[in-house]
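Residue numbers (our numbering): 1 to 137.
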(Lines of atoms letter the chains of each structure in order from A and count residues from 1; the text may use other names and numbers.)
(Lines give C-alpha, C1' and ligand atoms only; values in the text may rest on other atoms or scores of the structure.)
Protein backbone atom coordinates (compact mmCIF):
# COMPACT_ATOMS: atom_id res chain seq x y z
CA UNK A 1 0.00 0.00 0.00
CA UNK A 2 1.45 3.42 -0.88
CA UNK A 3 1.37 6.50 1.31
CA UNK A 4 -1.81 8.44 0.61
CA UNK A 5 -2.45 12.17 0.74
CA UNK A 6 -6.20 12.70 0.70
CA UNK A 7 -8.07 15.92 0.04
CA UNK A 8 -11.80 15.50 0.22
CA UNK A 9 -14.00 18.49 -0.30
CA UNK A 10 -12.50 21.87 0.64
CA UNK A 11 -12.93 21.17 4.35
CA UNK A 12 -11.01 17.90 4.83
CA UNK A 13 -7.54 16.50 4.34
CA UNK A 14 -5.62 13.46 5.59
CA UNK A 15 -2.53 11.34 5.13
CA UNK A 16 -2.36 7.57 5.53
CA UNK A 17 0.83 5.55 5.83
CA UNK A 18 1.23 1.96 4.71
CA UNK A 19 1.18 -0.62 7.51
CA UNK A 20 4.31 -0.37 9.68
CA UNK A 21 5.52 -3.11 12.01
CA UNK A 22 6.35 -1.68 15.42
CA UNK A 23 8.97 -3.02 17.88
CA UNK A 24 6.27 -4.87 19.85
CA UNK A 25 5.45 -6.90 16.72
CA UNK A 26 2.11 -5.18 16.02
CA UNK A 27 1.24 -3.72 12.63
CA UNK A 28 -0.29 -0.24 12.50
CA UNK A 29 -1.68 2.09 9.87
CA UNK A 30 -0.96 5.70 10.78
CA UNK A 31 -3.51 8.33 9.80
CA UNK A 32 -3.72 12.05 10.46
CA UNK A 33 -5.77 14.95 9.19
CA UNK A 34 -8.83 17.02 9.92
CA UNK A 35 -12.11 18.47 8.80
CA UNK A 36 -12.08 22.25 9.02
CA UNK A 37 -15.72 23.26 8.64
CA UNK A 38 -16.56 22.73 12.33
CA UNK A 39 -13.81 24.99 13.73
CA UNK A 40 -14.75 28.33 15.28
CA UNK A 41 -13.14 31.69 14.52
CA UNK A 42 -10.37 31.28 17.11
CA UNK A 43 -9.27 28.05 15.48
CA UNK A 44 -9.62 29.04 11.84
CA UNK A 45 -6.66 28.49 9.60
CA UNK A 46 -4.32 31.15 8.30
CA UNK A 47 -1.78 30.86 5.51
CA UNK A 48 0.82 29.26 7.80
CA UNK A 49 -1.40 26.76 9.64
CA UNK A 50 -2.67 23.42 8.49
CA UNK A 51 -6.47 23.15 8.33
CA UNK A 52 -7.92 21.91 11.59
CA UNK A 53 -4.90 22.65 13.74
CA UNK A 54 -4.87 24.76 16.86
CA UNK A 55 -2.17 26.85 18.49
CA UNK A 56 -0.36 25.62 21.62
CA UNK A 57 1.10 28.94 22.77
CA UNK A 58 2.58 27.94 26.14
CA UNK A 59 4.49 25.04 27.64
CA UNK A 60 1.45 24.24 29.76
CA UNK A 61 -0.75 23.98 26.65
CA UNK A 62 1.73 21.59 25.03
CA UNK A 63 1.96 19.39 28.15
CA UNK A 64 -1.84 19.28 28.53
CA UNK A 65 -2.27 18.37 24.84
CA UNK A 66 0.27 15.52 24.96
CA UNK A 67 -1.31 14.11 28.12
CA UNK A 68 -4.60 13.83 26.24
CA UNK A 69 -5.46 11.26 23.58
CA UNK A 70 -6.14 14.11 21.16
CA UNK A 71 -9.54 15.50 20.27
CA UNK A 72 -12.41 12.95 20.33
CA UNK A 73 -14.17 14.67 17.40
CA UNK A 74 -10.96 14.45 15.35
CA UNK A 75 -10.72 10.75 16.27
CA UNK A 76 -14.26 10.05 15.04
CA UNK A 77 -13.66 12.05 11.85
CA UNK A 78 -10.42 10.18 11.15
CA UNK A 79 -12.21 6.84 11.46
CA UNK A 80 -14.86 8.07 8.99
CA UNK A 81 -12.21 9.32 6.54
CA UNK A 82 -10.32 6.02 6.76
CA UNK A 83 -13.52 4.17 5.84
CA UNK A 84 -14.08 6.60 2.93
CA UNK A 85 -10.52 6.12 1.63
CA UNK A 86 -10.32 2.36 2.21
CA UNK A 87 -13.87 1.01 1.99
CA UNK A 88 -14.30 -2.33 3.69
CA UNK A 89 -11.27 -1.98 5.99
CA UNK A 90 -12.00 -3.59 9.34
CA UNK A 91 -9.35 -2.53 11.88
CA UNK A 92 -8.79 -4.90 14.79
CA UNK A 93 -8.23 -1.92 17.09
CA UNK A 94 -8.34 1.85 16.63
CA UNK A 95 -6.49 4.20 18.97
CA UNK A 96 -5.89 7.92 19.09
CA UNK A 97 -2.98 10.01 20.27
CA UNK A 98 -2.03 13.68 20.31
CA UNK A 99 0.60 15.07 17.98
CA UNK A 100 2.14 18.48 17.36
CA UNK A 101 4.36 20.18 14.87
CA UNK A 102 6.49 23.31 14.83
CA UNK A 103 5.53 26.01 12.35
CA UNK A 104 7.62 28.95 11.22
CA UNK A 105 6.36 32.41 10.30
CA UNK A 106 7.35 31.84 6.66
CA UNK A 107 5.78 28.39 6.38
CA UNK A 108 9.19 26.97 5.46
CA UNK A 109 11.65 25.09 7.68
CA UNK A 110 14.77 26.70 9.11
CA UNK A 111 17.85 24.67 8.24
CA UNK A 112 21.41 25.83 8.78
CA UNK A 113 24.83 25.35 10.25
CA UNK A 114 25.36 26.85 13.71
CA UNK A 115 29.08 26.07 13.89
CA UNK A 116 31.52 23.38 12.73
CA UNK A 117 29.73 20.05 12.90
CA UNK A 118 26.50 21.44 14.41
CA UNK A 119 23.42 21.92 12.27
CA UNK A 120 19.79 22.71 13.04
CA UNK A 121 16.59 21.80 11.21
CA UNK A 122 13.37 23.05 12.82
CA UNK A 123 9.90 24.03 11.74
CA UNK A 124 8.73 21.09 9.64
CA UNK A 125 5.44 22.97 9.32
CA UNK A 126 3.42 19.76 9.40
CA UNK A 127 4.74 18.50 6.08
CA UNK A 128 6.60 15.32 7.10
CA UNK A 129 4.23 13.40 9.35
CA UNK A 130 3.55 10.83 6.66
CA UNK A 131 7.30 10.26 6.28
CA UNK A 132 8.40 10.58 9.91
CA UNK A 133 8.85 6.89 10.71
CA UNK A 134 11.01 6.38 7.63
CA UNK A 135 12.98 9.60 8.17
CA UNK A 136 13.69 8.44 11.73
CA UNK A 137 15.31 5.25 10.50
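We put the CB at the ideal spot given by N, CA and C, even for glycine.
Closest residue to residue i among the options (Cα-Cα distance)
i: residue 109; options: 98, 60, 58 and 127; result: 127
i: residue 91; options: 103, 31 and 115; result: 31
i: residue 12; options: 78, 107 and 23; result: 78
i: residue 68; options: 93, 81, 100 and 89; result: 100
i: residue 94; options: 21, 76, 107 and 85; result: 76
DSSP state of residue i mapped onto helix, strand, coil
i: residue 62; result: helix
i: residue 34; result: strand
i: residue 114; result: strand
i: residue 21; result: strand
i: residue 98; result: coil
i: residue 84; result: helix
i: residue 67; result: helix
Inter-residue spacing [alpha-carbon to alpha-carbon] between residue i and residue j
i: residue 66; j: residue 98; result: 6 Å
i: residue 63; j: residue 57; result: 11 Å
i: residue 85; j: residue 23; result: 27 Å
i: residue 54; j: residue 115; result: 34 Å
i: residue 107; j: residue 20; result: 29 Å
i: residue 71; j: residue 89; result: 23 Å
i: residue 29; j: residue 111; result: 30 Å
i: residue 113; j: residue 2; result: 34 Å
i: residue 26; j: residue 105; result: 38 Å
i: residue 81; j: residue 117; result: 44 Å
Residue i classed as buried or exposed, judged by whether at least 16 other C-beta atoms fall within 10 angstroms
i: residue 122; result: exposed
i: residue 120; result: exposed
i: residue 48; result: Confidence at residue 48 is low in this model, with a pLDDT of 43, below 50, so its placement is unreliable and the value that follows should be read with caution. Label assigned to residue 48: exposed.
i: residue 73; result: exposed
i: residue 7; result: exposed
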